[in-house]
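Undergrad:
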Amino acid sequence: MAIGRIAIQFHIASLVLELFFGISNFYVNLCLATFIISYSAFGGVKSVTFTEAVQFFTYSAVIPVIGIIVWNVFSDPTISIDSNVQHHLTDLGMIFNYTNPKFWISLNIFIYFAIPSLGPSIFQRILMAKDIHQISRTFFISAIICLCLSVLFIWIAILLLSQNAVDSSQLFSQITKSYIGFKGLIVGVIMAMIISSTNSYINVATVSFINDICKKTSLRYSYVTAVIIGLIGFVISLYTKDLINIFLLLTSIYLPIITLPLILLIYGFKSTAKTFFIGAVAALLTIIVWQLFSLRQIIGIYPILPAAIINLIFFLGSHYILKQPGGFGSLKEPLSVRLIKQERRRKFLGLFRLIKNFNPLVYWNNTLPRQEITYSYVGIFILISIFSSLYLTPNSRIMNHLNIYNIIYHCTLVTSAILITYPLWPLRFQKKYIISLFWFVANFGILIFFSSLLVLSSNFYQLQLMSSIINLLIIATLFRWHTTLLMTIIGVFVSIEFYKYFMDEKLLVNIDSFQFKVIYFITLFSGLLIVFLRPRQEQERLVNLKNTHLGDRVSFREQELEKLLDLKHEFLRNINHEINTPLTGIISLGETLWANYDRFSDDQRRNAVEIIAKSSIRLNSLISNILDFSKLSSLGYELNKDNINLSELLHERIKICKKLYLNNKKLEFISEIEENIIFKCDPHYISHTFDNLIINAISYCNDGIIKIDLQKQENNILFTIKDDGIGVPKEELQSIFGVFVVSSKTRTPAGGRGMGLALCKKVIELHGGKIWAENDKQGKTAFVFTMPL
Numbered sequence: 001m002a003i004g005r006i007a008i009q010f011h012i013a014s015l016v017l018e019l020f021f022g023i024s025n026f027y028v029n030l031c032l033a034t035f036i037i038s039y040s041a042f043g044g045v046k047s048v049t050f051t052e053a054v055q056f057f058t059y060s061a062v063i064p065v066i067g068i069i070v071w072n073v074f075s076d077p078t079i080s081i082d083s084n085v086q087h088h089l090t091d092l093g094m095i096f097n098y099t100n101p102k103f104w105i106s107l108n109i110f111i112y113f114a115i116p117s118l119g120p121s122i123f124q125r126i127l128m129a130k131d132i133h134q135i136s137r138t139f140f141i142s143a144i145i146c147l148c149l150s151v152l153f154i155w156i157a158i159l160l161l162s163q164n165a166v167d168s169s170q171l172f173s174q175i176t177k178s179y180i181g182f183k184g185l186i187v188g189v190i191m192a193m194i195i196s197s198t199n200s201y202i203n204v205a206t207v208s209f210i211n212d213i214c215k216k217t218s219l220r221y222s223y224v225t226a227v228i229i230g231l232i233g234f235v236i237s238l239y240t241k242d243l244i245n246i247f248l249l250l251t252s253i254y255l256p257i258i259t260l261p262l263i264l265l266i267y268g269f270k271s272t273a274k275t276f277f278i279g280a281v282a283a284l285l286t287i288i289v290w291q292l293f294s295l296r297q298i299i300g301i302y303p304i305l306p307a308a309i310i311n312l313i314f315f316l317g318s319h320y321i322l323k324q325p326g327g328f329g330s331l332k333e334p335l336s337v338r339l340i341k342q343e344r345r346r347k348f349l350g351l352f353r354l355i356k357n358f359n360p361l362v363y364w365n366n367t368l369p370r371q372e373i374t375y376s377y378v379g380i381f382i383l384i385s386i387f388s389s390l391y392l393t394p395n396s397r398i399m400n401h402l403n404i405y406n407i408i409y410h411c412t413l414v415t416s417a418i419l420i421t422y423p424l425w426p427l428r429f430q431k432k433y434i435i436s437l438f439w440f441v442a443n444f445g446i447l448i449f450f451s452s453l454l455v456l457s458s459n460f461y462q463l464q465l466m467s468s469i470i471n472l473l474i475i476a477t478l479f480r481w482h483t484t485l486l487m488t489i490i491g492v493f494v495s496i497e498f499y500k501y502f503m504d505e506k507l508l509v510n511i512d513s514f515q516f517k518v519i520y521f522i523t524l525f526s527g528l529l530i531v532f533l534r535p536r537q538e539q540e541r542l543v544n545l546k547n548t549h550l551g552d553r554v555s556f557r558e559q560e561l562e563k564l565l566d567l568k569h570e571f572l573r574n575i576n577h578e579i580n581t582p583l584t585g586i587i588s589l590g591e592t593l594w595a596n597y598d599r600f601s602d603d604q605r606r607n608a609v610e611i612i613a614k615s616s617i618r619l620n621s622l623i624s625n626i627l628d629f630s631k632l633s634s635l636g637y638e639l640n641k642d643n644i645n646l647s648e649l650l651h652e653r654i655k656i657c658k659k660l661y662l663n664n665k666k667l668e669f670i671s672e673i674e675e676n677i678i679f680k681c682d683p684h685y686i687s688h689t690f691d692n693l694i695i696n697a698i699s700y701c702n703d704g705i706i707k708i709d710l711q712k713q714e715n716n717i718l719f720t721i722k723d724d725g726i727g728v729p730k731e732e733l734q735s736i737f738g739v740f741v742v743s744s745k746t747r748t749p750a751g752g753r754g755m756g757l758a759l760c761k762k763v764i765e766l767h768g769g770k771i772w773a774e775n776d777k778q779g780k781t782a783f784v785f786t787m788p789l
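Once you know that position 205 of the sequence shown is 205 in the UniProt record's numbering, the rest is easy, because the numbers rise by one and skip nothing.
Structure representation (structure tokens):
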């Protein structure tokens, strides 16, 4: 496959020389191939980096420039897309009509692009990645970039299809002759892309051959192999002139034999080497028979689809007939893949619940300003903005649609007056649903809908367009960026439809005026929102979330302090009586016994000692009760238990703690949490327990892994959290849960006071469970607790 792709690159290079410079010579092509092969074999990492940079420059700058130049060469800014849609090349009925001579080759190409591409270069990119997360993120970004490039290619094709008089054979000549230096730019860029692609394919083929077949590690074998592979590709390019045939022939070999089993493996079907070779041989024989008997010329079908079907039949058939081990579901997924699937499933469920429980009124009420003076500021701005736009509108247009402009005038006047005077309203009239209605009318109805309508009616007059953009920027500061973007798109669309159907005006629909301006306007505003406002709003959201979380923790600490203060007062009230009573008996009788010991009888001395002993026992019991009472802290009351989804609660606490306490630490969270564990507990204190354990793990682990498990066993719930941090000494594993006890490894003059783990212990015990800490062989500490179901 790689050698065939190399041959295609050499063939394209020779075509470029012939097309642009009229050079068609074997020795010139040989020199060019020698340079490319030498560059690929001996260039090293620097050569790959340079050619990849050139490719990035090509796709990001040169291709858009080509599109603009093509547009300027043909100089027709009023190109109609409808005429191109009606072109015979875009007629799907004709393309997929089996009587069309090109139907079968189109079907082959369609099937090829419908099957996921798993070519050699894709594997090279995957193997270069750090982990699965980087691979998925890279493919997501690449998909967006490829989509934009595809749109650009389609745009260039539309420009070319609109010029019926242009001969395709003279297309490049006409474009390159129109701009001095453009020919050199195209040749340089194409050659750089050829070198980069050839370099990738030679590297892939060399590594596969040396590592998987020869098992050699010496560099000289790699150099020799790279040169030989490049020469084979060059020789093949000399005997093949049809790029489509080369492309489909290579696809006919690689896709049925290699890609199909790989796709089955990705979807979890595992089999043996015997099954793979049976399917591969069957597919290869199908390809050979197809070529020997010239079935492509007879039927018009390349062997891609037949060979793939034969391989699938023999692959699956031999697996089950020969009773080979494996099959669907036999491939054990790696932990990282299972975690990604769990996270993806959780996101889908969260999105579904969000859509299901979405209440527009509640959402809109949450967008209301927190300060009442904001309503007045927005009302004043609306008054100035809309009245200025009305002043700039020609009188003739206003008189033609006087009723509509009267509605705009009065709605603006009433709404702005209400917003300006809202802080002065009596409290009984300051209802949330009333101001919500006028807030919606002010922002969506006036600043977006009316403003867009005035821009349309003025035929995109510059001052009114600037006023509309300022209106949208004001809205962007009041709402979140996605809300602003959604309201903008809906408002502009509604204003266009209103303008066409109620103002009896015909819009000039061509790419130079209306459509281009609307698309450019929305695209520019969307880009501004995403680039500038989205990061700021996300940062504000994170800060608000952190403030809310810290506020809850402060409130919780304040409540605990108040309860401790009550305990202190109760202790001070009772201490005088409870301690003085036994002490009085001990001291007074002791002094009396000391002074009159010889005068007392044996019975009197015995009675006095008995009273002293009983008072001592009472005092000892009191001291023990005081210590026990202080250890109980403020949690000595009945908990507010309720049935909750403990799995969802833990996921939520992990997410919040990661956002608020990671502080750019390179920590990897591995969570194995059984879904839908319903447990009756106090969610408030269980949340604080999770928080304390997770925050401790983050605080004392600078890098590495934090592993969190939550499983439902037969009679209890088992929770475990383990990190790669500094750990707890073995001799302190029992005492670490004491009140005001801090590990010797984490003790500092300004450090914590050891309340976190003590609170965890008390909460777990109040739920009937137990908590402990244990070390592994490497000295890493895991905190474990169980709670009965």
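Beta carbons: idealized from backbone N, C-alpha and C, even for Gly.
Keep in mind the model is a prediction, meaning the values are calculated, not measured.
Among residues of its own chain, excluding the 5 on either side of residue 720, which ones have a beta-carbon nearer than 7 Å to its beta-carbon?
TA: For the purposes of this step, residue 720 is taken as residue 720 along the sequence shown, with counting starting at 1. Cβ neighbours of residue 720 beyond the five flanking positions: 709, 782, 784.
Undergrad: Report yes if the CB atom of residue 640 is closer than 8 Å to the CB atom of residue 678, and no otherwise.
TA: For the purposes of this step, residue 640 is taken as the residue at position 640 of the sequence shown. For the purposes of this step, residue 678 is taken as the residue at position 678 of the sequence shown. Cβ distance not < 8 Å, so residue 640 and residue 678 don't count as in contact.
Undergrad: How would you call residue 691, buried or exposed, if buried means at least 16 neighbouring beta carbons within 10 angstroms?
TA: Sequence index remark: in the sequence shown, residue 691 carries index 691 (1-based). Classification of residue 691: buried, given that the 10 Å Cβ count is 16 or more.
Undergrad: Quick one: what's residue 788 bridged to in DSSP?
TA: One-based indexing of the sequence shown puts residue 788 at position 788. 716, per the DSSP bridge assignment.
Undergrad: Please give me, in chain order, every unbroken run of the alpha helix (DSSP H) with length at least 4 that falls completely inside the region 238-312.
TA: 243-254, 260-266, 273-292, 295-299
Undergrad: What's the call for residue 789, buried or exposed, on a 16-neighbour Cβ count within 10 Å?
TA: Within the sequence shown, numbered from 1, the residue matching residue 789 stands at position 789. Classification of residue 789: exposed, given that the 10 Å Cβ count is below 16.
Undergrad: Per DSSP, what kind of secondary structure is residue 791 in: helix, strand or coil?
TA: The displayed coordinates of the chain run from 1 to 789. Any statement about residue 791 would go beyond what the structure contains.
Undergrad: Between residue 104 and residue 98, what straight-line distance do the alpha-carbon atoms span, to the nearest angstrom?
TA: As a first step, residue 104 must be located in the sequence shown, where it is residue number 104. As a first step, residue 98 must be located in the sequence shown, where it is residue number 98. The straight-line gap from Cα to Cα measures roughly 7 Å.
Undergrad: Identify, in the order they occur along the chain, each residue of the same chain with its Cβ nearer than 8 Å to the Cβ of residue 296, setting aside the five sequence neighbours on each side.
TA: Here residue 296 corresponds to residue number 296 of the sequence shown, with the count starting at 1. Same-chain partners within the cutoff: 290, 302, 303.
Undergrad: Can you give me the C-alpha to C-alpha distance between residue 26 and residue 233, rounded to a whole angstrom?
TA: Residue mapping note: residue 26 aligns to position 26 of the sequence shown, counting from 1. Residue mapping note: residue 233 aligns to position 233 of the sequence shown, counting from 1. About 15 Å.
Undergrad: So, using beta-carbon positions, are residue 673 and residue 650 closer together than 8 Å?
TA: On the sequence shown, residue 673 is found 673 positions in, with the first residue counted as 1. On the sequence shown, residue 650 is found 650 positions in, with the first residue counted as 1. Going by C-beta atoms, residue 673 is nearer than 8 Å to residue 650.
Undergrad: For the alpha helix (DSSP H) containing residue 658, list its first residue and its last residue.
TA: Taking the sequence shown and counting its residues from 1, the one referred to as residue 658 is at position 658. Unbroken alpha helix (DSSP H) run through residue 658: 646-661.
Undergrad: Helix, strand or coil for residue 155? Go by DSSP, reduced to three states.
TA: As a position in the sequence shown, residue 155 is number 155, starting the count at 1. In the structure shown, residue 155 sits in a helix (DSSP, three-state: H, G or I).
Undergrad: Using 8 Å for Cβ pairs, my map puts residue 659 next to residue 550. What's the rounded Cβ distance?
TA: Numbered from 1 along the sequence shown, position 659 holds the residue referred to as residue 659. Numbered from 1 along the sequence shown, position 550 holds the residue referred to as residue 550. The Cβ separation is near 12 Å, so there is no contact.
Undergrad: In whole angstroms, what separates the C-alpha of residue 796 from that of residue 432?
TA: The chain is shown only over 1 to 789; residue 796 falls outside these bounds and no answer can be derived.
Undergrad: Buried or exposed: which applies to residue 5, given that a residue is buried once 16 or more other Cβ atoms fall within 10 Å of its Cβ?
TA: Working through the sequence shown from its first residue, we reach residue 5 at position 5. It is buried - the Cβ of residue 5 has at least 16 other Cβ atoms within 10 Å.
Undergrad: Judging by CA-CA distance, which residue of 283, 269, 268 is the nearest neighbour of residue 254?
TA: Position 254 of the sequence shown, counting from 1, holds the residue named residue 254. Ranked by how close their Cα comes to the Cα of residue 254, the residues 283, 269, 268 have 283 in first place.
Undergrad: If distances are taken between C-alpha atoms only, which option among 734, 684, 221 comes closest to residue 772?
TA: Position 772 of the sequence shown, counted from the first residue, corresponds to residue 772. Residue 772 has its Cα closest to that of 734, out of 734, 684, 221.
Undergrad: First and last residue of the beta strand (DSSP E) that includes residue 669?
TA: In the sequence shown, residue 669 corresponds to position 669, counting from 1. Run containing residue 669: 666-673, per the beta strand (DSSP E) assignment.
Undergrad: Determine whether the beta carbon atoms of residue 257 and residue 211 lie at a separation below 8 Å.
TA: The residue you call residue 257 lines up with position 257 of the sequence shown. The residue you call residue 211 lines up with position 211 of the sequence shown. No, these two residues do not count as a Cβ contact at 8 Å.
Undergrad: Is DSSP giving residue 431 helix, strand or coil here?
TA: Here the question's residue 431 lines up with position 431 in the sequence shown. Three-state DSSP puts residue 431 in coil, outside helix and strand.
Undergrad: Counting C-beta neighbours from all protein chains within 10 Å, is the total for residue 184 16 or more, i.e. buried, or is it exposed?
TA: As a position in the sequence shown, residue 184 is number 184, starting the count at 1. It counts as exposed.
Undergrad: Just the C-alpha distance for residue 264 and residue 223, rounded to the nearest angstrom, thanks.
TA: The residue you call residue 264 lines up with position 264 of the sequence shown. The residue you call residue 223 lines up with position 223 of the sequence shown. Approximately 35 Å, taken between the alpha carbons.
Undergrad: Please classify residue 601: is it buried, with 16 or more other beta-carbons within 10 angstroms of its beta-carbon, or exposed?
TA: The residue given as residue 601 occupies position 601 in the sequence shown. Within a 10 Å sphere around the beta-carbon of residue 601 sit fewer than 16 other beta-carbons, which makes this residue exposed.
Undergrad: Could I get the ranges of all uninterrupted alpha helix (DSSP H) runs contained in the region 425-487, with 4 residues as the minimum, in chain order?
TA: 432-440, 451-457, 462-478
Undergrad: Determine the extent of the beta strand (DSSP E) in which residue 129 is found, giving its start and end residues.
TA: Translated into positions along the sequence shown, residue 129 becomes position 129. No beta strand (DSSP E) holds residue 129; DSSP gives it neither H nor E.
Undergrad: Which term fits residue 653, buried or exposed, when burial requires 16 or more other beta carbons within 10 angstroms of its beta carbon?
TA: Counted from its first residue, the sequence shown places residue 653 at position 653. With 16 or more other Cβ atoms within 10 Å, it is buried.
Undergrad: Where does the unbroken beta strand (DSSP E) through residue 681 begin, and where does it stop?
TA: The residue given as residue 681 occupies position 681 in the sequence shown. It spans 678-681 - the beta strand (DSSP E) in which residue 681 sits, taken as one unbroken run.
Undergrad: Only counting the same chain, and skipping five residues up and downstream in sequence, which positions put a Cβ closer than 8 Å to that of residue 780?
TA: Translated into positions along the sequence shown, residue 780 becomes position 780. Here the set comprises 722, 723, 724, 725, 727.
Undergrad: What residue from 368, 590, 345 has the CA that sits closest to residue 604's CA?
TA: Residue numbering aside, residue 604 sits at position 604 when the sequence shown is read from its first letter. The residue with the shortest Cα to Cα distance from residue 604 is 590.
Undergrad: Considering just the uninterrupted stretch of the alpha helix (DSSP H) at residue 18, what are its terminal residues?
TA: Taking the first residue of the sequence shown as 1, we reach residue 18 at position 18. According to the DSSP assignment, residue 18 belongs to the alpha helix (DSSP H) that extends over 2-21.
Undergrad: Which residues does DSSP pair with residue 783 in a beta bridge?
TA: Your numbering for residue 783 matches position 783 in the sequence shown. Answer is 721, 773, bridged to residue 783.
Undergrad: Evaluate residue 492 with the Cβ neighbour count: other Cβ atoms within 10 Å of its Cβ, from every protein chain shown; 16 or more gives buried, anything less gives exposed.
TA: Residue 492 sits at position 492 when you count from the first residue of the sequence shown. Its Cβ being crowded by 16 or more others within 10 Å, residue 492 is buried.
Undergrad: Name the one or two DSSP bridge partners that residue 228 has.
TA: Within the sequence shown, residue 228 is the residue found at index 228, counting from 1. According to DSSP, which records beta bridges pairwise, residue 228 is partnered with nothing at all.
Undergrad: Could you tell me which residues DSSP puts in a beta bridge with residue 490?
TA: The count along the sequence shown starts at 1 and reaches residue 490 at position 490. According to DSSP, which records beta bridges pairwise, residue 490 is partnered with nothing at all.
Undergrad: Residues in the same chain with beta-carbon distance under 8 Å from residue 715, minus the five sequence neighbours each way, listed in chain order, please.
TA: Position 715 of the sequence shown, counted from the first residue, corresponds to residue 715. Cβ-Cβ distances below 8 Å link residue 715 to 788, 789 in the same chain, with the five nearest sequence neighbours on each side left out; the list follows chain order.
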